[in-house]
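Quick note, the sequences are listed as chains V and D, same order. Using the working numbering, you'd call the opening residue of the first sequence number 63 and step up by one each time. Using the working numbering, you'd call the opening residue of the second sequence number 22 and step up by one each time.
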Amino acid sequence: MNRGSPVYLYELAWILPSIAIPVGMLVALIVLAYGGGVHLPGDEGRVNPTAVMATAPFDQPGIVEVAPGRYEVRMIAGIWLFTPNEVRIPAGSTVTFVATSRDVVHGLLIPRANVNVMLLPGQISRVTARFEHPGEYPFFCHEYCGIAHHTMWGKVIVGPASNAKHPDGDSTS
Amino acid sequence: MTPADAAPDLRPEDRLTAAYLIVALISLFVGVSLGFFQALEHAGINLYPWLLPVIKSYYQGLSLHGVLNILVFTTFFISGFLQFITARSFGMPLWNRGLAWATFWLMTGGLILTAIPLLGNAATVLFTFYPPMKAHWAFYVGLTLVVVATWLVTLTLVLTYRTWRARNPGVRTPLPAFMSLVTFVMWTIASLGLAAEMLFMMIPWSLGMVAGTDALLARALFWYTGHPIVYFWLLPAYISWYTLVPRQAGGKLFSDPLARVSFLLFLVLSTPVGFHHQFTDPGISQGWKLFHAFLTFAVFFPSLLTFFSVVASLENGARARGGKGWVGWFGKLPWRDPSLTAQVLSMILFAFGGIGGLINASFTMNLVVHNTAWVVGHFHLTVGTAVTLTFMGITYWLVPLLRGRALWSRRMALTQAWLWFIGMAIMSTAQHRLGLMGMPRRTMIGAAPYLQPEWQSALHLVGIGGTILFISAMLYFANMLLTAVVSREPSALEVPFAEALSGPEHAPAILDRWRPWLAFALVMIVIAYGPTLVRLVATTPFDAPGMRVW
Numbered sequence: 063m064n065r066g067s068p069v070y071l072y073e074l075a076w077i078l079p080s081i082a083i084p085v086g087m088l089v090a091l092i093v094l095a096y097g098g099g100v101h102l103p104g105d106e107g108r109v110n111p112t113a114v115m116a117t118a119p120f121d122q123p124g125i126v127e128v129a130p131g132r133y134e135v136r137m138i139a140g141i142w143l144f145t146p147n148e149v150r151i152p153a154g155s156t157v158t159f160v161a162t163s164r165d166v167v168h169g170l171l172i173p174r175a176n177v178n179v180m181l182l183p184g185q186i187s188r189v190t191a192r193f194e195h196p197g198e199y200p201f202f203c204h205e206y207c208g209i210a211h212h213t214m215w216g217k218v219i220v221g222p223a224s225n226a227k228h229p230d231g232d233s234t235s
Numbered sequence: 022m023t024p025a026d027a028a029p030d031l032r033p034e035d036r037l038t039a040a041y042l043i044v045a046l047i048s049l050f051v052g053v054s055l056g057f058f059q060a061l062e063h064a065g066i067n068l069y070p071w072l073l074p075v076i077k078s079y080y081q082g083l084s085l086h087g088v089l090n091i092l093v094f095t096t097f098f099i100s101g102f103l104q105f106i107t108a109r110s111f112g113m114p115l116w117n118r119g120l121a122w123a124t125f126w127l128m129t130g131g132l133i134l135t136a137i138p139l140l141g142n143a144a145t146v147l148f149t150f151y152p153p154m155k156a157h158w159a160f161y162v163g164l165t166l167v168v169v170a171t172w173l174v175t176l177t178l179v180l181t182y183r184t185w186r187a188r189n190p191g192v193r194t195p196l197p198a199f200m201s202l203v204t205f206v207m208w209t210i211a212s213l214g215l216a217a218e219m220l221f222m223m224i225p226w227s228l229g230m231v232a233g234t235d236a237l238l239a240r241a242l243f244w245y246t247g248h249p250i251v252y253f254w255l256l257p258a259y260i261s262w263y264t265l266v267p268r269q270a271g272g273k274l275f276s277d278p279l280a281r282v283s284f285l286l287f288l289v290l291s292t293p294v295g296f297h298h299q300f301t302d303p304g305i306s307q308g309w310k311l312f313h314a315f316l317t318f319a320v321f322f323p324s325l326l327t328f329f330s331v332v333a334s335l336e337n338g339a340r341a342r343g344g345k346g347w348v349g350w351f352g353k354l355p356w357r358d359p360s361l362t363a364q365v366l367s368m369i370l371f372a373f374g375g376i377g378g379l380i381n382a383s384f385t386m387n388l389v390v391h392n393t394a395w396v397v398g399h400f401h402l403t404v405g406t407a408v409t410l411t412f413m414g415i416t417y418w419l420v421p422l423l424r425g426r427a428l429w430s431r432r433m434a435l436t437q438a439w440l441w442f443i444g445m446a447i448m449s450t451a452q453h454r455l456g457l458m459g460m461p462r463r464t465m466i467g468a469a470p471y472l473q474p475e476w477q478s479a480l481h482l483v484g485i486g487g488t489i490l491f492i493s494a495m496l497y498f499a500n501m502l503l504t505a506v507v508s509r510e511p512s513a514l515e516v517p518f519a520e521a522l523s524g525p526e527h528a529p530a531i532l533d534r535w536r537p538w539l540a541f542a543l544v545m546i547v548i549a550y551g552p553t554l555v556r557l558v559a560t561t562p563f564d565a566p567g568m569r570v571w
């Protein structure tokens, strides 16, 4: 190249920040992901999609309290409904969704809880979210899954914070 | 040189390009018309009952919209345009016109085979056709034939290049031809994932030769191609911005070597980034996702180079026309030229598309926007405007040149470009907002029982923006048709190739070699994809049966 020419200098003045900016953003991203503890779904193992309903933990879909204030939702997506499609928990709960699909590709989007995961037949998805405030958190299937895709949804209903010793009674109230 | 070498007759190449453009524009016409119905549906006006019995559902229309606009329109346009650019740039006919025409007919045959099940509601699987949703086999075979035809276009370009190279040893490849070649070579490498998905999974499975398939492996192979395909769409627009637009703006390309650097970086970095479409997929480890995020940021770099070069070239042109000031020169661009106006407007919206793309690629922020309407807003700025409006702008000089007749109406073309810009700005902004509010994409949202009240105002803007876009598109097609059929005034016959301030003589020889860059590209792919693909191929049981869900 023609060093010292105006073209070369202009190029340099642009190229260096063009390298610095993406590198800076990448560092911010890594800090956020690992420092802030934001996790993406990873490899959680397989499940035979034709035998989902006979395979633990999906043979008993529903909500289980695994520790005080910590719940696990075992969820099956299928055309065109989530099982369960209504989840009741007290405010302040941490919920891990363990989910899969028994037919085509689905997704689970809970906008107000920052849950966003694909549900693929054959794969187990696991995501954790915290529900601080009482209210209704609708969730949607966000991957096209057939003619009634737009009817596939459900709700997390967060009740008042439970200070009782037996919070499991809350899930059926 | 004999006189025949000096001025070869390239009219046969013109006819080939015209044939590709005709198919491309018919596909775009059907594709954008269906988009209008989608936008109205979002605004609460369901006109799908009117489309019966031709279009049976929102999702059949959406499948046609996606396949025709981004797979068919783009591929045919690019194949026609870049073979034209290559022949003109070398000043030489294509290697073998028989092969070139056979390629066109193979691609068209593939399109027809794809279109039959799509129109027959036997392939309502959207353009991503994720299994185990199962379409008619003709859909997969047809699309595969289109891909094979693109490989034959690559063959034609490579053999044309070799013929030229044999006659011109030691000379730098002309920039437009070089870029066209990079585009098709990049695409050929990138299309291997889709080809593998089709040949080893979808086709045998749809024909009943194997019983099962697998969602994750299919998605991994699809997105191996599915991200670089956006560069396959974008690079031809960049070719216009680098090698034609500077001249149309009345100036020169800022730097020929910088343009070559950016294209070679696209060759190397376009493909090993596909996992950023699968950040929310189970079954792929976080580490590899982060690695793809890292490379996605790296591929932002050649786009920044392009931004600089193109804006500097525009400024060079505007200042030559008397433009002054830091920003004021922008007004001195030849805004009465619809071809330039369309392309500059598309660049403006593309800047926002690029910023949005970085957010999508950002590993963690992707959790907020993945599969929401945000993504739809994003790619309507990139492929829906940067690519489509640029291609429209190109046809404002290319179609008159091919036809030998002047553009029917310059004012109509200017109006069209501005309407597209305004309509897209409205629609895309609304879609971005809807995505942030958690509205899922590719959903018949007007019929969804969970439609949230706070989405309503933005949904109406989608309807308004979509209507403006539809009017723009109809002005475009009318102008093209009238140019081809009614216009009588003769047109200019010269391709507006630009000169460069810093020309090809400043390009180091390494920028005109192929083997090191190809090797670099393949190594990157092996590193980024090798471990995950080997694991998936080795461990996947293919136990998902197919089903029709529409």
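From the three backbone atoms N, C-alpha and C, an ideal C-beta is built for every residue, glycine too.
Can you tell me the Cα-Cα spacing of residue 243 (chain D) and residue 251 (chain D), whole angstroms? Inter-residue distance for residue 243 (chain D) and residue 251 (chain D) is about 13 Å (C-alpha atoms, whole angstroms).
*CB contact flag (residue 184 (chain V), residue 565 (chain D), <7 Å)*: yes
Residue of V:175, V:179, V:203 minimising C-alpha distance to residue 197 (chain V):
V:175
- Task: Indicate, with yes or no, if the ligand ADP has a heavy atom lying under 6 Å from the CB of residue 155 (chain V).
- Result: In terms of ligand content, the structure shown is empty, and the ligand ADP therefore cannot be addressed.
Per DSSP, cross-strand counterpart(s) of residue 171 (chain V):
V:178, V:202
Quiz item: Taking the alpha-carbon positions, what's the residue 383 (chain D) to residue 392 (chain D) distance?
Solution: 14 Å
For this session: Taking a Cβ distance cut-off of 8 Å, strictly less, list which residues of the segment 192–215 of chain V are near chain D, in chain order.
Result: Here the close residues are 200, 202, 203, 204, 205, 206, 207, 208, 209, 211, 212, 213, 215.
Applying the criterion that 16 or more other CB atoms from any shown protein chain within 10 Å of the CB defines a buried residue, is residue 231 (chain V) buried or exposed? Note on residue 231 (chain V): pLDDT 44, under 50, position unreliable in the model; no value is reported.
message: Quick check on DSSP: helix, strand or coil for residue 227 (chain V)?
response: A caution first: residue 227 (chain V) carries a pLDDT of 46, below 50, which makes its placement in the model too unreliable to give a value.
TODO: Would you mind listing the alpha helix (DSSP H) stretches within the segment 532–570 of chain D that are 4+ residues and don't spill past its ends, in chain order?
DONE: 536–560
With H, G and I counted as helix, E and B as strand and the rest as coil, what does DSSP make of residue 364 (chain D)?
helix
Can you tell me the Cα-Cα spacing of residue 225 (chain D) and residue 151 (chain D), whole angstroms?
15 Å
Would you mind telling me which residues of chain D sit closer than 9 Å to residue 106 (chain V), beta carbon to beta carbon, in chain order? Against residue 106 (chain V), the close residues of chain D are 303, 304, in the order they occur along the chain (beta-carbon pairs closer than 9 Å).
| query | Among D:300, D:303, D:279, D:98, which residue has its Cα nearest to the Cα of residue 71 (chain V)? | reply | For the residues D:300, D:303, D:279, D:98, the minimum Cα distance to residue 71 (chain V) belongs to D:279.
message = Could you tell me the alpha carbon to alpha carbon distance between residue 46 (chain D) and residue 498 (chain D), rounded to whole angstroms?
response = 8 Å
Taking C-beta pairs closer than 7 Å, name the residues in chain V that residue 566 (chain D) reaches, listed in chain order. 112
Per DSSP, what kind of secondary structure is residue 356 (chain D) in: helix, strand or coil? coil
### Task
Identify whether residue 310 (chain D) lies in helix, strand or coil by the three-state DSSP scheme.
helix
**Item:** residue 183 (chain D) versus residue 208 (chain D) - alpha carbon distance
**Value:** Residue 183 (chain D) and residue 208 (chain D): Cα-Cα distance of roughly 19 Å.
Excluding sequence positions up to five away, which residues of its chain have a Cβ less than 8 Å from the Cβ of residue 67 (chain V)?
When the five nearest sequence neighbours on each side are left out, no beta carbon in the same chain lies closer than 8 Å to the beta carbon of residue 67 (chain V).
Roughly how many angstroms lie between the CA atoms of residue 190 (chain D) and residue 541 (chain D), to the nearest whole one?
25 Å
Counting only the same chain and skipping the five closest in sequence on each side, list residues whose C-beta sits under 6 Å from that of residue 319 (chain D).
-> 290
message = Using beta carbons (cut-off 7 Å, strictly below), is residue 166 (chain V) in contact with chain D?
response = yes
| task | Just grab the DSSP bridge partners of residue 185 (chain V) for me. | result | V:108
Can the beta-carbon of residue 121 (chain D) be found closer than 7 Å to that of residue 127 (chain D)?
No. Outside cutoff.
| So with Cβ pairs under 7 Å, would you call residue 310 (chain D) a contact of chain V? | yes
query: Using 7 Å as the limit for Cβ to Cβ distance, is residue 100 (chain V) near chain D?
result: Yes, contact with chain D.
Fill in: Close-in-space but distant-in-sequence residues of the same chain around residue 364 (chain D) (CB under 6 Å, 5 per side omitted)
266, 411, 414
Practice prompt. Determine, using beta carbons only, whether residue 235 (chain D) comes closer than 7 Å to chain V.
Written response: yes
* 7 Å Cβ cutoff, residue 143 (chain V) in contact with chain D -> It does not; no Cβ of chain D falls within 7 Å.
message = Less than 7 Å between C-beta atoms, sequence neighbours within five positions excluded: which residues of the same chain meet that for residue 479 (chain D)?
response = For residue 479 (chain D), same chain residues with a beta-carbon under 7 Å away, outside a window of 5 residues either side, are 451, 454, 455 in chain order.
(message) In the DSSP output, what is residue 215 (chain V) paired with across the bridge?
(response) Answer by DSSP bridge pairing, in chain order: V:202.
### Task
Grab me the residues of residue 545 (chain D)'s own chain with a C-beta within less than 8 Å of its C-beta, minus the 5 sequence neighbours each way, in chain order.
289, 290, 292, 293, 316
- Nearest to residue 139 (chain D) (by Cα), restricted to the options D:185, D:76, D:175: Measuring from the Cα of residue 139 (chain D), the nearest candidate turns out to be D:76.
C-alpha gap between residue 335 (chain D) and residue 205 (chain V), whole angstroms:
Between residue 335 (chain D) and residue 205 (chain V), the C-alpha separation is close to 41 Å.
Where residue 440 (chain D) and residue 60 (chain D) are concerned, what is the direct C-alpha to C-alpha distance, given to the nearest angstrom?
-> 16 Å
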